[in-house]
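Engineer: Last residue of the sequence shown: 181 in my numbering, with the numbers rising by one and none dropped.
Just dropping this structure here.
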Amino acid sequence: MLTPIDCPCGTGHPYQECCGVYHKNPGTAPTAESLMRSRYSAFAVGNYSYINATQKLGDDKSLIESDADETGAQTIWTKLEIHSTEAGSIIDNTGTVTFSAHFEEGRHKGQLTERSVFKKMDGQWFYVSGDHEIRHNPPLKHSQAPKAGRNEPCLCGSGKKYKKCCAAI
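Structural data, given as structure tokens:
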């Protein structure tokens, strides 16, 4: 797990004094927004055990760390924007946070926008659901780049076949 100097959540605070505190002590985020920021940072640094510890999804949909490591190795989280927060304060028991998380995968850039729902249970905030939309930008084109055959691995590094990745755009 990579430990950044500045916190990935975008507060401008050092990681160890911001989301790093919550990562060391799951269940201590005081508000829905602080939990959302710390979960984003956990994805950014590859701390998938924290993700599992801070969610209560129906049918025990735990994030399997081996799957997350494989996906996370291809995704670089670059920026978090908080659009709105409804309730979710220290005195509330529910809250929602709407945000956009920007990312890069190979030569692709994209944005995940989500309205996350949080619930406080026994004094601890949990992520319980969310509605999201993912937008990908066209891949960066390099005129000097070698060409790939349709069934060869994509040159962007996504691990997909060229015809299912950059050629599909």
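Glycine included, C-beta positions come from ideal geometry on N, C-alpha and C.
Values in this document were obtained by computation on a predicted structure and should not be read as measured data.
The beta strand (DSSP E) that contains Y60, what's its start and end?
Structural biologist: Locating residue 60 in the sequence shown gives position 48, counting from the first residue. Premise fails: Y60 lies in the alpha helix (DSSP H), 60-65, not in any beta strand (DSSP E).
Engineer: Taking the straight line between their C-alpha atoms, what separation do you get for Y27 and Q123?
Structural biologist: Taking the sequence shown and counting its residues from 1, one reaches residue 27 at position 15. Taking the sequence shown and counting its residues from 1, one reaches residue 123 at position 111. So the two alpha carbons sit approximately 23 Å from each other.
Engineer: Are G107 and A113 close, meaning C-beta to C-beta below 8 Å?
Structural biologist: Along the sequence shown, one-based indexing puts residue 107 at 95. Along the sequence shown, one-based indexing puts residue 113 at 101. Cβ atoms of G107 and A113: not closer than 8 Å.
Engineer: With DSSP run on the structure shown, which of helix, strand or coil describes S112?
Structural biologist: Position 100 of the sequence shown holds residue 112. In the structure shown, S112 sits in a strand (DSSP, three-state: E or B).
Engineer: Taking C-alpha atoms, which residue in E117, A44, E29 lies nearest to V129?
Structural biologist: For the purposes of this step, residue 129 is taken as the residue at position 117 of the sequence shown. That would be A44, whose Cα lies nearest to the Cα of V129.
Engineer: For I146, count neighbouring Cβ atoms within 10 angstroms of its own Cβ and tell me buried if that reaches 16, exposed if not.
Structural biologist: Position 134 of the sequence shown, counted from the start, is the residue given in the question as residue 146. With fewer than 16 Cβ atoms within 10 Å of its Cβ, I146 is classed as exposed.
Engineer: How would you write the range of the alpha helix (DSSP H) that D135 sits in, first residue to last?
Structural biologist: Taking the sequence shown and counting its residues from 1, the one referred to as residue 135 is at position 123. In the sequence on display, residue 135 carries Gly and not Asp. Where G135 is concerned, there is no enclosing alpha helix (DSSP H), given that its DSSP letter is neither H nor E.
Engineer: Answer yes if the stretch 45-63 comes into contact with the stretch 29-36, meaning at least three C-beta pairs across the two stretches below 8 Å, and no otherwise.
Structural biologist: The stretch 29-36, when compared against the stretch 45-63, does touch it at the 8 Å Cβ threshold.
Engineer: Around the Cβ of M133, are there at least 16 other Cβ atoms within 10 angstroms (buried) or fewer (exposed)?
Structural biologist: By one-based count along the sequence shown, residue 133 stands at place 121. The residue is exposed, with fewer than 16 neighbouring Cβ atoms inside 10 Å.
Engineer: How should S46 be labelled, buried or exposed, when 16 other C-beta atoms within 10 angstroms of its C-beta is the threshold for buried?
Structural biologist: Mapped onto the sequence shown, residue 46 falls at position 34. The residue in question, S46, is buried, as its Cβ has 16 or more Cβ neighbours within 10 Å.
Engineer: Give me the Cα-Cα distance between N149 and R127, rounded to the nearest whole angstrom.
Structural biologist: For the purposes of this step, residue 149 is taken as the residue at position 137 of the sequence shown. For the purposes of this step, residue 127 is taken as the residue at position 115 of the sequence shown. If you take the alpha carbons of N149 and R127, they lie about 21 Å apart.
Engineer: Could you tell me which residues DSSP puts in a beta bridge with I146?
Structural biologist: Sequence index remark: in the sequence shown, residue 146 carries index 134 (1-based). According to DSSP, which records beta bridges pairwise, I146 is partnered with L124.
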